[in-house]
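Asks: Those protein sequence lines, which keep their order, are chains L and B.
For the first sequence, this note's numbering begins at 11 and goes up steadily by one.
For the second sequence, this note's numbering begins at 604 and goes up steadily by one.
The structure is given below, and queries will be raised subsequently.
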Amino acid sequence: MINVITMFLFNIVVYNIALLYGTTGEIMIEKSGSLNLGVEGTMAIGAVCGYIAACRTNSLFVGVLVAFLTAGLTGLVFAFLTVTLQANQNVTGLTITTFGVAFYYFIGNGLSNSKGGWPKLNDTTLADQFRDVEIPLLSKIPILGKGLFSHNILVYLGIAIAVLMWAYFAKTMPGLKLRAIGENPGAADSAGINVTRMKYIHIIIGSGIMGIGGLYMGLNMGGTFEGSNCWINGYGWIAIALVIFANWNPAKALLGTLIFGFFNTLRVYNATIAYNFPNTLGWLNKIPAQFFSALPFIITLLVLIITSISKKNSSNEPASIGRNYYREDR
Amino acid sequence: MSAAIELKGICKNFGSVAANKNIDLSVGKGEILALLGENGSGKTTLMNMLSGIYMPDSGSIFMDGKEVKINSPESAGKLGIGMVHQHFKLVERFTALDNIRIGMGKEAGTIFKKDTTRKEVLDTAAKFGFNIDPDKYVYNMPVSEKQTLEILKVLCYGAKIIILDEPTAVLTVQEVERLFDVLRKMKSEGHSVVIITHKLNEVMDISDRVAVLRHGEYVGSVETKKTSEKELTELMVGRKIDLNITRPIVEKTHPLLEIRDLTVKNDEGAIAVDGMNFYIRGGEMLGVAGIAGSGQKELCEAIAGLRPIEKGQMIHEGESIVGMPPKKILEHGISMSFIPEDRLGMGLAPSLSITDNMILKNYNEAKGIFVDRKSARQEAQKTIDKLEIVTPSTETPVRRLSGGNVQKVLLGREIKAGPNVLITAYPVRGLDINSSYMIYDILNEQKKKGVGILFVGEDLDVMLALCDKIMVMCHGKLQGVVNSGHTTKEDIGLMMTGALNIVNKEGKTDGIAKDSAIEEKKEEGHV
């Protein structure tokens, strides 16, 4: 029984941390005043490129690096189109999603049908690098310890990114300048801040972070490629909603990920839980499986409704989000 | 006096339009230069080239005898040029200190924020006599405080040449005085100041020298001491012009629109209009004075039916219009033209042609599902001829017209509907003298026809000359209704800030008509 709770907690974290990458990456981009709807595609590109690089080199580090760089390159395309060429951000983002997911299938199917086949994760030393690392002391806490403080290195990296990003926005000068751009690029420009350069840098870094999240999803699924099911599977879209739920705060994104992960994990484990707690939670078994499959998206809808109702005064949405900045505009 | 900055042969084109043609201008050290010109004469364009927003197509800029290139706001800042734009460049969600901090360079810290900035900001504020709370958020500041912050920001960045684009447009009389004190202080510190304004009395008051632009060309400059308002106007317009605003006296009829105890909330849910009483008679122009954001917008919207009211009565010719949809109110004869700060935002569809904008409000009068463009075009042409709107054709998108002409289109449409109550808010906002006078003429003509006009305005001099009565609002409350012939600008200024309230003083009953339709009804009810 205790094992079930531990396992449940463990899975909340391990199956959903990719959302944290997607969300924090998007927060960084949105803080610069750009709305990138290409999260899904950016994650897919980082996932497939990072995974192949990791398998080929037997190095998780190289995989993460390649995922970051290829997704960052996707971000560069977005930045070039929207910042330099002033293209519509929504259309550009949607294009990147379409392109990225198609790119994923293109590479995946191509490799699967080639002589060498799709690279496997299990046969390499990569799995060892991706093993769970226990945090001393904390992981010894009964029930919670093994659930929350014994994870692979990328879980820790994701949490570290969220915390560091929070500090970056709240405590540093470049973070303050970035927020100024997202709020009022004209004011930032007249204060002597290089708006274009700052936007490029942060769009690229934000996209790179999403890419690591994509790679994480692939690794967590054991690296098996299915021709009809993308690893990212809509998580990129959920990340965009989580940005709003988190009120553009990377620290709150962590909380959002866990709450969302709870329902997501319930989908997989409702039968197990019902079996282990027949008296109190036995009713979980009576709910059809389809409902649980739809749950993440129902929750996303609810989150958007609730945050939209309550956001009036306390929203941290960057004021100039979605609008391109052109200095000579009148 | 040696020149702090010199412009030689500056040209700037936007597409095929020449905004600045071969302009030579110099600003002396410790000089206050007023830059004067009609709308579209290229003042703001010229100043934007000094502040790095635009790059000149040709010509050169010299500072202290050396040629300089200004290709971004950053490089302008480094050269010691700072501009206070008409639309403030402030981050609303930041504190005053953070707004200044982002442009301070290394002194504010490269990675982590340094708190030495605070001391620097407070020192500069003290030096120039500003009173500012560095931790106050910009969204909590009234307009005048935002402007103070803008000026302080520019000074903290070490600007020696300070450009102010229509700084007095949003200020009360008392606030303008305070601003001018600051400018004089800057001057005594050796700073150069360029101020753009449409108000000639202010030019005479503050400047040492006046430079005039007309149609993008430099006309010349005169010493303020040796000139007059009349001469400046002639320089600006290029011909003689009568500066007097006429106020035709029309016999007033019964109260057309009566507002009683009206309370309206704003978008944030706070009380914007608080228990207002007033009425407008036929053939009367009632001015509404108040600091920007005192509830004028909400009041107009409530009368036009665009905003639900909390409580109160709105009676139009004996019938209550409370709760009526905007279309019904329009059919009743109440028409509104509201000129927002960005001019195009409310009332007109910028990308549609003049014709299409003209029929926006009565599209449903035509029979069938197709638009009758032919007769609409004729109607549009009539309005264009009558109001002398300058446009290539009736099919020109409204956003391509100059500000004055846009406003004429809007007023023209409202008048065409033949209202008996006309609500007009800021009809001359941002307009030059020539266009403004034409708008006043249009309004006076309506008044002569017996229309009751509610004129929400900014310039007290104009309102005193044009309106029959002026009612003053402060924080949504009525401060009193005064007869324009028997009051002073200073009194109205005091009322605007809430320092003076004359409602129901000396036995007067402000805002309630003696022959009110509402009271008659009440009495009937009691009997």
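We put the beta carbon where it would ideally sit given N, CA and C, even for glycine.
1. Helix, strand or coil for E922(B)? Go by DSSP, reduced to three states.
2. Counting pairs of beta carbons, one from the segment 144-160 of chain L and one from the segment 78-93 of chain L, are three or more of them closer than 8 Å?
3. Check each candidate in L649(B), E837(B) and T719(B) and name the one with the smallest Cα separation from L767(B).
4. For a cutoff of 9 Å on Cβ pairs, would you count L1034(B) as touching chain L?
5. CB-CB under 6 Å to L752(B), same chain, minus the five flanking residues each way: which ones, in chain order?
6. With 9 Å as the threshold, decide whether the Cβ of V671(B) is near any Cβ in chain L.
7. State the beta-bridge partners of G292(L) as determined by DSSP.
8. Excluding the five sequence neighbours on either side, which residues of its own chain have a C-beta within less than 8 Å of the C-beta of H212(L), listed in chain order?
9. What three-state label does DSSP hand T1091(B) in the structure shown?
10. Of all the CB atoms in chain L, is at least one closer than 9 Å to the CB of A907(B)?
11. For the candidate residues D1062(B), K1019(B) and I1073(B), whose alpha-carbon lies nearest to that of E1048(B)?
12. Span of the alpha helix (DSSP H) holding Y61(L)?
13. Following the continuous alpha helix (DSSP H) through C240(L), name the residue where it begins and the one where it ends.
14. Which class does H1150(B) belong to by DSSP, given the choice of helix, strand or coil?
15. Comparing C-alpha positions only, which one of K843(B), P858(B) and I1026(B) sits nearest to S938(B)?
16. Which residues, in chain order, does the segment 721-736 of chain B contribute to contact with chain L at a C-beta distance below 7 Å?
17. Our contact map puts V785(B) next to F715(B) with C-beta atoms below 8 Å; I'd like the distance itself, whole angstroms only.
18. Alpha helix (DSSP H) containing F273(L): first to last residue?
19. Is there a Cβ from chain B that is less than 9 Å from the Cβ of T52(L)?
20. If you check the beta carbons only, do Y882(B) and I1056(B) fall under 9 Å apart?
21. Please work out which residues of its chain come closer than 7 Å, Cβ to Cβ, to T775(B), disregarding the five sequence neighbours upstream and downstream, and give them in chain order.
22. How would you write the range of the beta strand (DSSP E) that I635(B) sits in, first residue to last?
23. Can you list, in chain order, the residues of its chain whose CB lies under 6 Å from that of E826(B), leaving out five sequence neighbours each side?
24. Could you work out which residues of chain B lie near E343(L), taking near to mean beta carbons separated by less than 9 Å?
25. Using 9 Å as the limit for Cβ to Cβ distance, is H688(B) near chain L?
26. Please name the residue in A190(L), A263(L) and N274(L) whose C-alpha comes closest to that of F697(B).
27. Kindly list, in the order they appear in chain L, the residues whose Cβ is closer than 7 Å to that of T713(B).
28. Is any beta-carbon of chain L found at less than 9 Å from that of N702(B)?
29. Comparing C-alpha positions only, which one of M17(L), A261(L), V24(L) and L45(L) sits nearest to S330(L)?
30. Helix, strand or coil for A952(B)? Go by DSSP, reduced to three states.
31. Kindly indicate which three-state DSSP category Y1133(B) falls into: helix, strand or coil?
32. K763(B) versus chain L: which residues are under 8 Å apart at the beta carbon?
33. Would you check if the segment 66-86 of chain L and the segment 210-230 of chain L touch, i.e. whether three or more CB-CB distances between them fall below 8 Å?
34. Output needed for A679(B): all residues of its chain with C-beta closer than 7 Å, excluding positions within five of it in sequence on either side, in chain order.
35. What are the partner residues of V687(B), as DSSP defines its beta bridges?
36. Can you tell me whether V724(B) is buried or exposed? The criterion is at least 16 other CB atoms within 10 Å of its CB, across all chains shown.
Replies: Judging by the given coordinates:
1. Here E922(B) sits in strand by DSSP.
2. Taking a cut-off of 8 Å for Cβ pairs, the segment 144-160 of chain L and the segment 78-93 of chain L do not touch, as fewer than three such pairs fall below it.
3. Looking at L649(B), E837(B) and T719(B), the one whose alpha-carbon comes closest to that of L767(B) is L649(B).
4. Any Cβ of chain L closer than 9 Å to the Cβ of L1034(B) would place that residue at the interface, and such an atom is absent.
5. A699.
6. Against chain L, the CB of V671(B) has no partner CB under 9 Å away; the residue lies outside that interface.
7. DSSP lists no partner for G292(L).
8. Here the set comprises M38, I39, K41, S42 and L188.
9. Here T1091(B) sits in coil by DSSP.
10. No - not a single Cβ of chain L is within 9 Å of the one on A907(B).
11. Nearest of D1062(B), K1019(B) and I1073(B) to E1048(B), Cα basis: K1019(B).
12. Counted as a single uninterrupted DSSP element, the alpha helix (DSSP H) harbouring Y61(L) occupies residues V49 to T67.
13. Segment: none, C240(L) is in no alpha helix (DSSP H) and carries neither H nor E.
14. This structure cannot settle anything about residue 1150(B), because the visible part of chain B is limited to 604 through 1130.
15. Ranking K843(B), P858(B) and I1026(B) by Cα distance to S938(B) puts I1026(B) first.
16. With the criterion set as a beta carbon lying under 7 Å from some beta carbon of chain L, the segment 721-736 of chain B has no members that meet it.
17. Cβ-Cβ separation between V785(B) and F715(B): approximately 33 Å, too far for a contact (criterion under 8 Å).
18. P260 to N286 is the extent of the alpha helix (DSSP H) around F273(L).
19. For T52(L), the answer is no, since every Cβ of chain B falls outside 9 Å of its Cβ.
20. Cβ distance not < 9 Å, so Y882(B) and I1056(B) don't count as in contact.
21. I894, G1096, M1099 and T1100, listed in sequence order.
22. I635(B) -> beta strand (DSSP E) spans I635 to L639.
23. Counting only residues of its own chain and dropping the five nearest sequence neighbours on each side, E826(B) has a CB closer than 6 Å to the CB of R812.
24. The structure shown does not extend to residue 343(L), since chain L spans only 11 to 340, so no value can be given for it.
25. Closer than 9 Å to some Cβ of chain L, the Cβ of H688(B) qualifies, so yes.
26. When A190(L), A263(L) and N274(L) are compared, the shortest CA-CA separation from F697(B) is found for A190(L).
27. In chain order: M183.
28. Yes, because at least one Cβ of chain L sits closer than 9 Å to the Cβ of N702(B).
29. Nearest of M17(L), A261(L), V24(L) and L45(L) to S330(L), Cα basis: L45(L).
30. Three-state DSSP puts A952(B) in coil, outside helix and strand.
31. The requested residue 1133(B) does not occur in the structure, where chain B is confined to residues 604 to 1130.
32. By Cβ distance, chain L contributes nothing, its closest Cβ being about 16 Å from K763(B), past 8 Å.
33. Three or more beta-carbon pairs drawn from the segment 210-230 of chain L and the segment 66-86 of chain L are found closer than 8 Å, and the two stretches are therefore classed as touching.
34. The answer, listed in chain order, is L653, S654, G655 and I673.
35. DSSP lists L767(B) as partners of V687(B).
36. Only buried fits V724(B), as 16 or more other CB atoms lie within 10 angstroms of its CB.
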